[in-house]
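S.K.: Heads up: the sequence shown begins at 168 in the numbering used here, then just goes up one per residue.
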Amino acid sequence: MRWRHIADGKVTVETRVDAFGEFDTTKSDAGVRTVPMSKALSEELAAKRKASEHSSDEDFVFPDAFGNFTRHTNFTKRKWKPILEKAEAGMRCATSRSAHG
168 MRWRHIADGK VTVETRVDAF GEFDTTKSDA GVRTVPMSKA LSEELAAKRK ASEHSSDEDF
228 VFPDAFGNFT RHTNFTKRKW KPILEKAEAG MRCATSRSAH G
């Protein structure tokens, strides 16, 4: 997703990146869509853009360290998996507290 895809509290989906890093249109016309965002998410993304050195319309919203797109395998390993592990640990703690408290 590039910054140009975000405007007025909405995200426009019009392209995709495959596992090999090739950019293309969505697989079908139904894949092209506009998705509303919450006000909180819009504000977070606006703050991220303002603070980013990669903030032009053609820059990626979630770039790698060099400003290129982030491969899904790297995102999964470096970002998503730690988030899930932390959430699971939080759930274990919350369950433990509610069971004993």
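Think of the CB as a built atom: it goes at the ideal place given N, C-alpha and C, for glycine as much as any other residue.
Below 6 Å CB to CB, which residues in the same chain sit around M168 once its five sequence neighbours on both sides are set aside?
M.R.: As a first step, residue 168 must be located in the sequence shown, where it is residue number 1. Hits under 6 Å: V228.
S.K.: Using three-state DSSP, classify T237 as helix, strand or coil.
M.R.: For this step, residue 237 is matched to residue 70 along the sequence shown. Of the three classes helix, strand and coil, the one that applies to T237 here is coil, per DSSP.
S.K.: What separation, rounded to the nearest whole angstrom, lies between the Cα atoms of F187 and A174?
M.R.: Within the sequence shown, residue 187 is the residue found at index 20, counting from 1. Within the sequence shown, residue 174 is the residue found at index 7, counting from 1. For F187 and A174, the distance between alpha carbons rounds to 28 Å.
S.K.: How many Å lie between G250 and A214 at the Cα?
M.R.: Within the sequence shown, numbered from 1, the residue matching residue 250 stands at position 83. Within the sequence shown, numbered from 1, the residue matching residue 214 stands at position 47. In the sequence on display, residue 250 carries Ile and not Gly. Cα to Cα, the separation comes out at about 21 Å.
S.K.: Under 8 Å Cβ to Cβ from E225, same chain only, skipping five residues before and after it: list those, please.
M.R.: Locating residue 225 in the sequence shown gives position 58, where the first residue counts as 1. Counting only Cβ-Cβ distances below 8 Å, and skipping sequence neighbours, we find R169, W170 and R171.
S.K.: Please list, in chain order, all residues of the same chain as H221 whose beta carbon is under 6 Å from its beta carbon, the five residues on each side excluded.
M.R.: Looking up residue 221 in the sequence shown gives position 54. Contacts found: P230 and G234.
S.K.: Apart from the five residues on each side of it in sequence, which residues of its chain come closer than 6 Å, Cβ to Cβ, to V277?
M.R.: One cannot answer for residue 277 here, as it falls past the ends of the chain, which runs 168 to 268.
S.K.: Pull up the DSSP beta-bridge partners for P230, would you.
M.R.: Position 63 of the sequence shown holds residue 230. According to DSSP, P230 bridges with F236.
S.K.: Please return the same chain residues whose Cβ sits closer than 8 Å to the Cβ of K206, not counting the five positions on each side in sequence.
M.R.: Within the sequence shown, residue 206 is the residue found at index 39, counting from 1. Cβ-Cβ distances below 8 Å link K206 to G176 in the same chain, with the five nearest sequence neighbours on each side left out; the list follows chain order.
S.K.: Please report the straight-line C-alpha distance between A285 and L208, rounded to a whole angstrom.
M.R.: A question about residue 285 goes unanswered here, because the residues of the chain that appear run from 168 up to 268.
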